[in-house]
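Chemist: Quick one: this structure, given as structure tokens, is what I'll be asking you about.
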Amino acid sequence: MGISNAFHDPSAASRKLAEQAAKKDAEMADEAAAASTKGDRPAERGYDLRTTPKTNAEIQAVTGGVVELTPQNWDQHVRGNKHVFIKFYAPWCGHCQRLTGPWKQLALTVGEKPTLRAKVVIAKCDVDKYADLRTKWGVQSYPTLNWFNSNMTQGPLRKPYTGERNYDALFKFLQENSRNRVKVNRVFAYDMLAWKFTSATDIAYRREVVDALKRSLESEATHESHRLAGDVYLKIMEKAVKKSEEVGVEAVGIAYFEEEQERLTRLLKDESLSDDKVNEFENRKNIVDSFAKQNLDPLAGMRANV
């Protein structure tokens, strides 16, 4: 069963823990609400949450639990080679208490999935207690959820979570952000070749364009990022040349590439795809756009502004 089905088929352990602790939810919420009169605390966010709270001991027995972050262990976890999904909270916060269930269930799922456990940590940080961390990360309301990328990931360290506060939405966000992806961007020079390729009326000229692209990729002067992108352009062109040999150049024109766009869009909706396949299809779709009708002439926009 794929990761995407985990929410719809929770483990027996998860269900049992939820049943045992469900009665505690109302008591926890009442106690938190009564304690939430402290005047200098950040505002609570009013979310209507479904919860399945479980005790730390029960969760830790199954998965190792939600990691409690402190100033002493912060760098060990957040600056490590795993992604860290953090709940900034305060013990007196009623809405934080209501998020306890989904958050622990998220930890349970990560603990049960070796592929996730190897690259994701579910954590929490009491920033009512550790005010320096609250100030450093700009926590202004409770709970605040932030995704911290691993030190192996290019791009920004932190990404705020602004979605719904339920397990399904949280898990979807976790899946999307824990995938190992290498983004391939379009290259203007190769867009020019794509335009020439699509505009060609005979297969011989298309082969010449393919040869020109190969020479660029073999050049030592070509930047590695351009080489990665060029490989995708090349695969698209070679596939189109092969198709042209079978059915003729006329049948492999703009409409062919637009159909390829639609096909890749459909494939990307398949939640069972591996991370590598998602990465491959996203990059291919991005590059196929340069062959499609709306992008046929890469100089059109420049001429329109002259």
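Under the UniProt record's numbering, the residues of the sequence shown are numbered 1 to 306, in order.
Even for Gly, the Cβ is constructed at its ideal location relative to N, Cα and C.
The alpha helix (DSSP H) with Tyr89 in it runs from where to where?
Modeler: Unbroken run through Tyr89 is the beta strand (DSSP E), 83-89; no alpha helix (DSSP H).
Chemist: By alpha-carbon positions, which one of Asn185, Val184, Ala240, Phe188 ends up nearest to Val210?
Modeler: It is Ala240 whose Cα lies nearest to the Cα of Val210.
Chemist: Give every residue of the same chain whose Cβ lies closer than 6 Å to the Cβ of Leu145, excluding the five residues on either side of it in the sequence, and list them in chain order.
Modeler: Correct list, in chain order: Lys87, Tyr161.
Chemist: Can you tell me which of the three DSSP states Arg206 falls into?
Modeler: The answer is helix: DSSP assigns Arg206 an H, G or I state.
Chemist: In terms of DSSP beta bridges, what is Leu145 paired with?
Modeler: Leu145 pairs with Lys87.
Chemist: Can you give me the start and stop residues for the alpha helix (DSSP H) that Asp132 sits inside?
Modeler: Where Asp132 is concerned, the enclosing alpha helix (DSSP H) stretches over 131-136.
Chemist: Have a look at His226, Leu170, Arg207 and flag the residue whose alpha-carbon is nearest the alpha-carbon of Phe188.
Modeler: Phe188 has its Cα closest to that of His226, out of His226, Leu170, Arg207.
Chemist: If we count the other Cβ atoms within 10 Å of its Cβ and call it buried at 16 or more, is Ser178 buried or exposed?
Modeler: Result: buried.
Chemist: Going straight from the alpha carbon of Ala118 to that of Leu234, what length do you get?
Modeler: Straight-line Cα distance between these residues: approximately 34 Å.
Chemist: Which residues does DSSP pair with Cys125 in a beta bridge?
Modeler: Answer is Leu69, Phe88, bridged to Cys125.
Chemist: On a Cα-Cα basis, can you pick out the residue from Lys196, Asp276, Lys243 that is closest to Glu260?
Modeler: Considering only alpha carbons, the answer is Lys243.
Chemist: Arg98 by DSSP, collapsed to three states: which one?
Modeler: Looking at Arg98 - three-state DSSP - the assignment turns out to be helix.
Chemist: Tell me whether Lys243 sits in a helix, a strand or coil according to DSSP, three-state version.
Modeler: In the structure shown, Lys243 sits in a helix (DSSP, three-state: H, G or I).
Chemist: With a cut-off of 8 Å on the beta carbons, I'd call Ala90 and Asp128 a contact; round off their distance for me.
Modeler: Contact holds; Cβ gap of about 4 Å.
Chemist: Given 8 Å as the limit, is there contact between the segment 104-114 and the segment 164-176, that is, 3 or more CB pairs closer than that?
Modeler: With the cut-off at 8 Å, the segment 104-114 and the segment 164-176 touch.
Chemist: Extract the residue ranges of the alpha helix (DSSP H) inside the segment 255-289, only unbroken runs of 4 or more that lie entirely within it.
Modeler: Those alpha helix (DSSP H) runs which fall completely within the segment 255-289 and span 4+ residues are 275-288.
Chemist: Pull up the DSSP beta-bridge partners for Pro160, would you.
Modeler: Asn146, per the DSSP bridge assignment.
Chemist: Between which residues of its own chain and Tyr167 is the CB-CB distance below 7 Å, once the five residues before and five after are set aside?
Modeler: Result list for Tyr167: Phe7, Pro102, Gln105, Leu106, in chain order.
Chemist: Where does Val120 sit, in a helix, a strand or coil, going by DSSP?
Modeler: Correct three-state label for Val120: strand.
Chemist: Give the DSSP-derived three-state secondary structure of Ser219 in the structure shown.
Modeler: Here Ser219 sits in coil by DSSP.
Chemist: Taking all protein chains shown into account, decide if Asn283 is buried (16 or more other Cβ within 10 angstroms of its Cβ) or exposed.
Modeler: With 16 or more other Cβ atoms within 10 Å, it is buried.
Chemist: Take Phe291 as the anchor and find which of Thr265, Glu218, Ser199 has the nearest alpha-carbon.
Modeler: Closest by alpha carbon: Ser199.
Chemist: Cβ atoms of Leu228 and Ala212: under 9 Å apart, would you say?
Modeler: Taking 9 Å as the Cβ cut-off, Ala212 and Leu228 do not qualify as a contacting pair.
Chemist: Compute the Euclidean distance between the alpha carbons of residue 347 and Val184, then round it to the nearest angstrom.
Modeler: The requested residue 347 is not part of the displayed model; the chain covers only 1 to 306.
Chemist: Just curious, the alpha helix (DSSP H) that Phe291 is in, first and last residue?
Modeler: Premise fails: Phe291 is in no alpha helix (DSSP H) and is neither H nor E.
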